[in-house]
Every structure is written in structure tokens, then in C-alpha cells.
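Colleague: Input: one structure, supplied below.
There are 2 protein chains.
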Amino acid sequence: MRSDVSLGIGDDAALLDVPAEHQLVTTTDVLIADVHFHSSATPHSIGHKALAVNLSDLAAMGATPAWATLGMIIPDIDERWLEKFCDGFFYLAKLYDIDLVGGDTARGPLMVAIQLMGWVPRGAALKRSGARSGDHIYITGTLGDAGLALMHLKGLRDLLPDQAATVRQRLDYPCPRVELGIQLRSLASAAIDVSDGFVADLRHLLRCSAVGAEIYLDELPISKVYQSLYGEIGWEPALTSGDDYELCFTAAPDRDDEISTLTELFDIPITRVGTVTIGSDIVFFDREGQQHSPKHTGYDHFGV
Amino acid sequence: MRSDVSLGIGDDAALLDVPAEHQLVTTTDVLIADVHFHSSATPHSIGHKALAVNLSDLAAMGATPAWATLGMIIPDIDERWLEKFCDGFFYLAKLYDIDLVGGDTARGPLMVAIQLMGWVPRGAALKRSGARSGDHIYITGTLGDAGLALMHLKGLRDLLPDQAATVRQRLDYPCPRVELGIQLRSLASAAIDVSDGFVADLRHLLRCSAVGAEIYLDELPISKVYQSLYGEIGWEPALTSGDDYELCFTAAPDRDDEISTLTELFDIPITRVGTVTIGSDIVFFDREGQQHSPKHTGYDHFGV
């Protein structure tokens, strides 16, 4: 047990010590079958992903994760299912030194609600607000692979077995960018994690910062699998499909060199994909300087 | 917005200030239809109860509530249902000056997951451990009315309309003992809230404190409605039915007078119902000194 957990599971509530001069950072995500994970997802991957998506939110704040609570509804007592879920959950929790400090379970249709807590030094959190005209826009990792995996699962896209395995890994086992987010505290002007789709999440960031953006389509970072399919699918999945759990952030142009060193440090691409502008629109350009409009802007659970 | 909320809903996570020299207290409860609320429960009462049961957990820690996150799964966009739920939730939140700092919604079978956070001065939290042999055992309010309401709803118990309305109020609109819990910080040796049933929750407290108890059945606090039915139902519902959300706590015998003043201060009965003993058993006595055994010890979601 972490030394900052005075009381964990087993009392009416947990008792936790936030370090002095730090702020508490807290996020919650609810995951249900068929919406947040495909019916073929393994319990192990569900355990991983439920924690990973919350870690991704903390990463986007530049926060250090510390404690989680877990609310679960499970259809019936299935010891093996639960054991595999826990294997996935606690493997990731251990990697990030996260203590489970509270929980509640009930019987019913499968649902996982995680609340993850962590901290940042007072005033150091990354927010969605803070991007300024002229700032560069960056994306970590690559976009669209989780979307490709979903298209494959739905029978909308044929993939070779190796390709399917690669993108399925991206869908089921997202890698939160926690350490990178912590490094970005002193570099980025604004940040958000890409969960609903790049354009949808970029819009959130731009709205909070009261700015617009131009995006260079040909700079969007895509995987080798995506590249091999690009001729058929174009930029659409990279722009609009969700579940990538990469970070989208902005930084002043003079921080570009420091950001390049992060690419080496973490061994993940960090790609400049655009520039913050005045106004509130997103304008898309291809390498010829032609302007484009994406058809959709991401996934909305209550959208039509 | 509270001044200690640096960032509320609308970013990747909330940013909160725990006061210096205080510890964070956090609890989570998952509520689903037909398990935690009857199918006839109104959305207003569900909103109230979902927050109240979490407040009750913080009350049992002696904590001051501050912030909540809300995860919801709702079957479909029903604006009126949601508005009434929010009316019930925010009415209680406003009473206790609680800010909603995070949320997540999805579409599916009705589920409400609340995480409530607050704080206590460092080292001042009430725990389940701490009861000592010779301590008195107290109960706030009365026991068993929520259980009577459930029996009535299930058609197992006839009640007059006034009686039904009274106990239904106890089931649907539990009153968390937050202020009382805060006062108990300096008085009680251990505390727990009565959610699963008096005996079941007392057992948790005793186990954490490594002690036993003797309980005086004829001292159990019951309402006028319960008293009128006592001849038919006996002590069973007061001992074993859940959903009362009263506090059960222990205190050294010399604190008895101070505890009596709390009864006047808060205008709720605080009744001594037993004594902490060495060992690990609970022994029940009636006024003649006869020993009794209750048939059941409370509700277990995965029990048989």
C-alpha cells in the first residue's frame, strides 16, 4: 500500500494524503459493453482499458496518478471473468503505482465506472485553455488505428491478420501518455487527450482557448497499417475516429526543439500537425495548399 | 463554484484544493434499478438518494463533503427524467455546498455511480477500528423503517396510507448525518453507517476493532410506525433490513453526557443500544436478560 493511503478499502471511505503545495486532480469514466468495448473484448483488455482511459485524462492534465476507486456492475458471479479483469486492471495499476482505495459492486448488465485521482504541483496543471494564436499543434503517437480496428470488427474493412492484430492492440490496450504529460507541464500551453476523435477533441481545446486552427492533413501521424490503406480510406478515420488516447497539445513555436527531445526520450513520435490561429474555425490544408472539410467531427454518445 | 475548485467540469479532469493539514476522504457507490431503488422510485428520489448514500459514508468518517463526480448510464434521452433526477441531486448538493466537478454519461440500462470527496483534519477521521471493550454502542435516528417500506412495496406487509408514506420517505429520501458525524470526530471511538442492516454493519465495525458486543434488543430505536407493528414483526427488520443510513458508533462511557447534548443539538434521537465486549461475537439480550439469535444478519448482494 502507498504511504499516502492512511485508510484504503474496508472502511466507509478512503483516507488519502495529497502532498503539500499540490492540487488534487480527479477524473471519472463510465464504460459499458457495446459502447466502450466491443462484445468480443476480453475481460483482461476491459480491465486494462477501463484504467487506461482514465490515466489518459490525467496525462492530459500533466498529473501524477495515485489512487483509484472502482464501481462495477457484473452480470453474475463469474470468478474467472473477474480474475481476468483484475489481471488487466492491476497490471496497469502496478505499472503506475496506483492503489485501489474504494469499490462497490452490484449485479446487473456489465458496467465499469472508474474514478482516478492524482496530483499536480499547485498551478502547474495542463488545461484545455491556454493555446494562443501562433502556437504549434502536436499529436503524440498515431491516429486512427483504434478506428480501423472497430471498422474491421464491424465487418466494414478487410485487414490481413497481422494488420488486424496490430490495430486491435491499439483499440483494446491503449497506452496512456502519463510520463509524457508530466514532462509537458512546463512545455505545453494547452492539452487534451484524443478519445472522441482528433477533430472533436481539438475543437474542445480550441473552444476552451477561444482560438481557431489550421491543420496540415499530410502531416497527420498514421501507422504503417493505416498508410497501406490510405488510398482507400483517406484521412477520415485519423480525423474522426475515437479511442486513440493520444495527447493533442499546443506549445509556443520556440519550444519546438525541446519537444523534439521528448520524442527521443519516450520513443514515440510527437508530430506537429498544425498551427493555432485567431478566430474559432478549423481549416484543413493538403500539401498543395488546397482547403478541405471533413465530413464528420467525431463520436457523440447522444448524437444523431 | 466553490473557491477550492480551480477547474470543474469541462476539462480532462477536475483540479481541486484540499485544505492544508487536512486529508482527502473519498467514497464511491454504484446504484442500479431494482437493487438499490424500487422500480417505482421517482427520478427525483433517485437523484437524492444517490448522493445521500455517499454523504452517509462521509458522515461515518466525520468528513466535510466538498466535491462529487457523477457517472450515469441512462436508457434513452429523457429530458424530463433527467431534469427531475438533477432536481433531487442538486437540491441535496446545494444544502451541503457540494460542487459537481466531473461526470460521464452513456446510454444503457439505468445506473448511477457517484464518487464523493471531502476532507477531515489530519488524523481526525472516524474509522471502523478504534472501539474498545466497555465502550457504549449508539445508533442515531431509528432502525427498520426503510425495510418496512420495501416489505410494503413487495406486498409482504399491509400498511395504512399514512404509515406507508412515512416509511417510504425513509426509504427514498434518507437523511445523511453529516453534521452529526463531524461533531462525533472528537467523541466517538469508531463509526460506520447503517446501509446493509444494523447487525451486518455492526459486525464490520466489530471486526475492524477486533471486539465483540452485547446488544439490548429492547433499546433498539424504532419509529412509531414500527412500534405499531412490533407485535407482528418483532425485532427482525430493525436488526437486519438495510437502507436506513443512520450512524452506528461507539464511545467511551464517560462521553455519555456529551452525546446526550448532540441529541438536543440535532433533534434526532441518539440511543445507546449496547456495549462493546472482548471477543468477537454479538450477543443479543431482551429486557428479561434472555439471550436471542437473529435469523439473518443483513443483505449481501452476492449472498445466497
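Those sequence lines, one after another, are chains G and X. Position 204 (the first sequence) corresponds to 204 in this note's numbering; numbering is contiguous. So the mapping is simple: this note's numbering equals the position in the second sequence, first residue as 1, plus 1000. Every residue, glycine too, gets a C-beta built ideally from N, C-alpha and C.
1) Which same chain residues, not among the five before or five after residue 1302 of chain X, have their C-beta less than 7 Å away from its C-beta?
2) Measuring straight from C-alpha to C-alpha, what distance separates residue 300 of chain G and residue 196 of chain G?
3) Would you list, in chain order, the members of the region 82 to 115 of chain G that have their beta-carbon closer than 8 Å to a beta-carbon of chain X?
4) Taking DSSP as the reference, what is the three-state secondary structure of residue 1036 of chain X?
5) Can you tell me which of G/59, G/233, G/41 and G/40 puts its alpha carbon nearest to the alpha carbon of residue 249 of chain G?
6) What number of angstroms, rounded off, separates the C-alpha of residue 1217 of chain X from the C-alpha of residue 99 of chain G?
7) Could you tell me whether the Cβ atoms of residue 170 of chain G and residue 149 of chain G are closer together than 8 Å?
8) Is the CB-CB distance between residue 101 of chain G and residue 211 of chain G below 8 Å?
9) Pull up the distance between the alpha-carbon of residue 1296 of chain X and that of residue 1072 of chain X, whole angstroms please.
10) Is the Cβ-Cβ distance between residue 1269 of chain X and residue 1237 of chain X less than 8 Å?
11) Roughly how many angstroms separate the alpha carbons of residue 166 of chain G and residue 1245 of chain X, rounded to a whole number?
12) If you drop the 5 nearest sequence neighbours on each side, which residues of the same chain put their C-beta closer than 6 Å to that of residue 1272 of chain X?
13) Our contact map puts residue 109 of chain G next to residue 1109 of chain X with C-beta atoms below 8 Å; I'd like the distance itself, whole angstroms only.
14) Drop a sphere of 10 angstroms on the beta-carbon of residue 1189 of chain X, count the other beta-carbons inside from all chains shown, and report buried for 16 or more, exposed for fewer.
15) Comparing C-alpha positions only, which one of G/23, G/292 and G/257 sits nearest to residue 234 of chain G?
16) Taking the C-alpha atoms as reference points, what is the distance between residue 265 of chain G and residue 1209 of chain X?
17) Output needed for residue 1025 of chain X: all residues of its chain with C-beta closer than 8 Å, excluding positions within five of it in sequence on either side, in chain order.
18) Could you please tell me which residues of the region 1002 to 1028 of chain X, in chain order, have their CB closer than 8 Å to any CB of chain G?
19) Hey, out of X/1001, X/1010 and X/1070, whose CA is closest to residue 1027 of chain X's CA?
20) Could you please give me the residues that DSSP links to residue 1278 of chain X through a beta bridge?
21) Taking only beta carbons into account, state which residues of the region 1056 to 1079 of chain X come closer than 9 Å to chain G, listed in chain order.
22) Label residue 1163 of chain X either buried or exposed according to how many other C-beta atoms from any shown protein chain fall within 10 Å of its C-beta, with 16 as the threshold for buried.
23) Examine chain X for any beta-carbon lying closer than 8 Å to the beta-carbon of residue 210 of chain G, and answer yes or no.
24) Are the beta-carbon atoms belonging to residue 89 of chain G and residue 50 of chain G less than 8 Å from one another?
25) Starting from residue 88 of chain G, trace the alpha helix (DSSP H) in both directions and tell me its first and last residue.
26) Using a C-beta to C-beta distance shorter than 7 Å, which residues of chain X count as neighbours of residue 32 of chain G?
27) What is the DSSP secondary structure of residue 52 of chain G, counted as helix, strand or coil?
28) Which parts of the region 1197 to 1282 of chain X are runs of the alpha helix (DSSP H), unbroken and 4 residues or longer, counting only runs that do not cross its ends?
29) Between the region 128 to 162 of chain G and chain X, which residues of the former have CB atoms less than 7 Å from a CB of the latter, in chain order?
30) For residue 1047 of chain X, name the three-state secondary structure that DSSP assigns.
31) By Cβ distance below 6 Å, which residues in the same chain neighbour residue 1305 of chain X in space, the five residues on each side in sequence not counted?
32) Buried or exposed: residue 1001 of chain X, going by 16 or more other Cβ atoms within 10 Å of its Cβ?
33) Verify the CB distance criterion: does residue 41 of chain G have a CB-CB separation below 8 Å to chain X?
34) Measure the beta-carbon distance from residue 1045 of chain X to residue 1173 of chain X and round it to whole angstroms, keeping in mind my assumption that it falls under 8 Å.
35) Which residue marks the beginning of the alpha helix (DSSP H) containing residue 1162 of chain X, and which one marks its end?
36) Is it the case that the Cβ atoms of residue 1247 of chain X and residue 1181 of chain X are separated by a distance below 8 Å?
Modeller: This is what the structure holds:
1) Low confidence applies here, because residue 1302 of chain X scores a pLDDT of 38, under 50, leaving its location unreliable and the question unanswered by this model.
2) Confidence at residue 300 of chain G is low in this model, with a pLDDT of 41, below 50, so its placement is unreliable and the value that follows should be read with caution. Going by the C-alpha atoms only, they are around 7 Å apart.
3) Of all residues in the region 82 to 115 of chain G, only 101, 102, 103, 104, 105, 106, 107, 108, 109, 111, 113 and 115 come within less than 8 Å of chain X when Cβ atoms are compared, listed by chain position.
4) coil
5) Out of G/59, G/233, G/41 and G/40, G/59 has the C-alpha closest to the C-alpha of residue 249 of chain G.
6) Straight across, the Cα-Cα distance linking residue 1217 of chain X with residue 99 of chain G is about 41 Å.
7) yes
8) no
9) Note that residue 1296 of chain X scores 42 on pLDDT, short of 50, meaning its location in the model is unreliable and no value can be drawn from it.
10) no
11) The C-alpha of residue 1245 of chain X is placed about 50 Å away from the C-alpha of residue 166 of chain G.
12) 1136 and 1138
13) 5 Å
14) buried
15) G/292
16) 50 Å
17) 1058, 1061, 1063, 1117, 1118, 1119, 1120 and 1125
18) 1006, 1007, 1010, 1011, 1012, 1013, 1014, 1015, 1016, 1017, 1018, 1020, 1023, 1024, 1025, 1026, 1027 and 1028
19) X/1070
20) In the DSSP output, where bridge partners are listed per residue, residue 1278 of chain X has none listed.
21) 1056, 1057, 1058, 1059, 1060, 1061, 1063, 1067, 1069, 1070, 1071, 1072, 1073 and 1077
22) buried
23) no
24) yes
25) 79 to 95
26) 1073, 1106 and 1108
27) helix
28) 1198 to 1209, 1224 to 1233, 1236 to 1240 and 1256 to 1266
29) Residues 128.
30) helix
31) Outside the shown range of chain X, which is 1001 to 1304, sits residue 1305 of chain X, and nothing can be said about it.
32) exposed
33) no
34) With a Cβ gap of about 6 Å, residue 1045 of chain X and residue 1173 of chain X count as contacting.
35) 1161 to 1172
36) Contact check for residue 1247 of chain X against residue 1181 of chain X passes: the beta carbons are separated by less than 8 Å.
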